[in-house]
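Everything on this sheet refers to the single structure shown next.
Protein chains: 2
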Amino acid sequence: MAVTDEAIEKIKGMIVSGALRPGDRLPKESELAAELGLSRNSLREAVRALSLIRILDVRQGDGTYVTSLDPQLLLEALSFVVDFHRDDTVLEFLAVRRILEPAATAMACARIDDAALDALGAQLDALGPRPSVEELVACDLEFHRRIVQAAGNSVLCSLLDGLSGPTTRARVWRGLTQEDAVSRTLHEHRAILGALRDRDVEAARSWATVHIASVEQWLRSTL
Amino acid sequence: MAVTDEAIEKIKGMIVSGALRPGDRLPKESELAAELGLSRNSLREAVRALSLIRILDVRQGDGTYVTSLDPQLLLEALSFVVDFHRDDTVLEFLAVRRILEPAATAMACARIDDAALDALGAQLDALGPRPSVEELVACDLEFHRRIVQAAGNSVLCSLLDGLSGPTTRARVWRGLTQEDAVSRTLHEHRAILGALRDRDVEAARSWATVHIASVEQWLRSTL
DNA sequence: CCCGTCGATACATCCGATGTATGGCCTCAT
DNA sequence: ATGAGGCCATACATCGGATGTATCGACGGG
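Respectively, the protein sequence lines represent chains R and S. If you read the first sequence in full-length UniProt numbering, its first letter stands for residue 1, the second for the next number, and so on. If you read the second sequence in full-length UniProt numbering, its first letter stands for residue 1, the second for the next number, and so on.
Set out below in structure tokens:
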């Protein structure tokens, strides 16, 4: 194995074993390079790679640190990878989202508190009667993110965030051509919120399914 | 933004825009570096980072190529990230798997063909009466992978593969302390296979849920 | 006590040189 | 004519050093 890959594995090992904890600072480049037995250039390649997937955080003039390693950082790495996939796999991503989103909504139904419900309602109200496509998509993303956060599973939250990215992008690209898509989306959001307010788990799950399915159907017809 | 990050974005852009297609060969280091306006060392950092997440494939003495970009490569990058998460988040990963696995099993129920069913049965039969923990875990992993593959969604398949990794690892670490865990696992596998054979979607989904839930319960009690 | 300056530190970037693995071509024996 | 083997050009791998630049903390003036 190449020295750089070795270095990646060693740094990974130091973190996984607990020798390096989240927030810890790594020895400076030259020292770490000497310690691992390679040149600074090669070490930098390893550090850069781990930095791309948010394992390390390098700050010029300061040092290199281990990130929080929150599952949330999984999101960014995931969405980066997801960006490389073309339209033909977007439907597969959406199919996965169709599985996760209703489940997350159902989980949220039992856990979401009144303050969060009010915040959701306020967010929907904040959207004007004739929103732009960008506004609508941003609102949609935020609406679902808040609900999933209420489900209390950060892995699930990050995953859905990463999966929603490409869908959203596809939607913006295509420009939401369907006439009634806007009003239908808003109506479905209201319905989901209503089910959450009623603590009606099955209704929440069903509305979430309908919501994703309608996006899927639209995407399939325009793709 | 740093020159290396710029280079990463530019290379990403070349791939996403279609200027570079899967399997294409990149210009050699020195040329690409000149083209992007940076040094070879900095370019190498960018290439190394993209290589870690399986976007690029560098072959010494040959050249640097764009990988197939199959969703399957998402798997490896994901599992690499997942490795960094400690036991306390394993339950969250398992909760997500508990959502996905039953859905995938249900999808497979409608699509799996007889040959695949026979292969599943043969695989279960191949396991001896007193398998080692490693054998059992490997069998479990393979069993579920085959089913999920039959579901026909490569994104879902890769995702579950990545999620199953840490669970499996935790299971091996803990050594499957529960006495009847082995026989119960085998029994549940048989039940899932039986439901698939009967084309009984709801039974398949339920058995898959029970299966994951039992792992979850066990993990929760030993953690 | 607050704020601006200055210097030490550490990463950012580059250059040039050498090592090494790969693939293809060429030669030679059969 | 064909196949095996070796030779060589190519491209990545790795290194060491030099210089630029951002950050943080100490110090001193207002």
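Think of the CB as a built atom: it goes at the ideal place given N, C-alpha and C, for glycine as much as any other residue. The structure displayed is predicted, hence computed values, not measured ones.
- Message: Please tell me whether arginine 205 (chain S) and alanine 138 (chain S) are closer than 8 Å, where the distance is taken between their beta carbons.
- Response: no
- Within 10 angstroms of the Cβ of arginine 86 (chain R), are there 16 or more other Cβ atoms? Answer buried if so, exposed if not. exposed
- Along the alpha helix (DSSP H) that carries glycine 121 (chain R), what are the first and last residues, could you check? 114 to 126
- Item | According to DSSP, residues forming a beta bridge with arginine 63 (chain R) | According to the sequence as given, residue 63 (chain R) is glycine; it is not arginine. Answer is R:Arg59, bridged to glycine 63 (chain R).
- Item | Straight-line Cα distance separating arginine 44 (chain S) from aspartate 114 (chain R) | 52 Å
- Residues of chain R with a CB under 8 Å from the CB of proline 71 (chain S): which are they? His85, Thr89, Glu92
- Message: Any C-beta of chain S within less than 9 Å: which residues of the region 3 to 33 of chain R qualify?
- Response: Thr4, Asp5, Ile8, Lys12, Ile15, Val16, Gly18
- Query: Is there a Cβ from chain S that is less than 8 Å from the Cβ of serine 79 (chain R)?
  - Reply: no
- Roughly how many whole angstroms lie between the Cα atoms of glutamine 123 (chain S) and leucine 196 (chain S)? 15 Å
- Query: The alpha helix (DSSP H) spanning serine 221 (chain R) covers which residue range?
  - Reply: 201 to 222
- Query: Whose Cβ in chain R lies nearer than 8 Å to the Cβ of arginine 48 (chain S)?
  - Reply: Thr4, Glu45, Ala46, Arg48, Ala49
- Item | Close-in-space but distant-in-sequence residues of the same chain around arginine 59 (chain S) (CB under 8 Å, 5 per side omitted) | Tyr65
- Query: Using the beta-carbon of each residue, which ones in chain R are nearer than 7 Å to isoleucine 99 (chain S)?
  - Reply: Ile99, Leu100, Ala103
- Query: Are the C-beta atoms of serine 68 (chain S) and some chain R residue less than 8 Å apart?
  - Reply: no
- Residues of the region 199 to 220 of chain S with a CB closer than 7 Å to any CB of chain R: list them in chain order, please. none
- Message: On the CB-based measure, 16 or more other CB atoms within 10 Å of its CB, does glycine 128 (chain R) come out buried or exposed?
- Response: exposed
- Query: Residues of chain S with a CB under 8 Å from the CB of leucine 156 (chain R): which are they?
  - Reply: Glu92, Ala95, Val96, Ile99
- Task: From the DSSP output, in three-state form, read off arginine 184 (chain S) for me.
- Result: helix
- When the cut-off is 8 Å and only beta carbons count, does leucine 74 (chain R) lie next to chain S? yes
- Inter-stretch contact at 8 Å, needing at least 3 Cβ pairs: the region 136 to 151 of chain R / the region 44 to 58 of chain R: no
- Closest Cβ-Cβ distance between isoleucine 147 (chain R) and chain S: below 8 Å? no
- Item | Amino acids of chain R, ordered along the chain, whose beta-carbon sits closer than 7 Å to that of isoleucine 55 (chain S) | Phe84
- DSSP state of arginine 21 (chain R) mapped onto helix, strand, coil: coil
- Task: For leucine 159 (chain R), go through chain S and note every residue whose CB falls closer than 7 Å to its CB, in chain order.
- Result: Val96
- Verify the CB distance criterion: does leucine 52 (chain R) have a CB-CB separation below 8 Å to chain S? yes
- Quick one: grab the DSSP three-state call for leucine 52 (chain R). helix
- State the Cα-Cα distance for the pair alanine 19 (chain S) and aspartate 125 (chain S), rounded to the nearest angstrom. 49 Å
- Message: Could you compute how far the alpha carbon of isoleucine 8 (chain S) sits from the alpha carbon of alanine 2 (chain S)?
- Response: 10 Å
- Between the C-alpha atoms of valine 147 (chain S) and alanine 46 (chain S), what's the straight-line distance to the nearest angstrom? Per the sequence shown, residue 147 (chain S) should be read as isoleucine rather than valine. About 37 Å.
- Message: Using a 10 Å radius around the Cβ and a threshold of 16 neighbouring Cβ atoms, would you call glycine 13 (chain R) buried or exposed?
- Response: exposed
- Going by other Cβ atoms of all chains shown within 10 Å of its Cβ, with 16 needed for buried, is alanine 34 (chain R) buried or exposed? exposed
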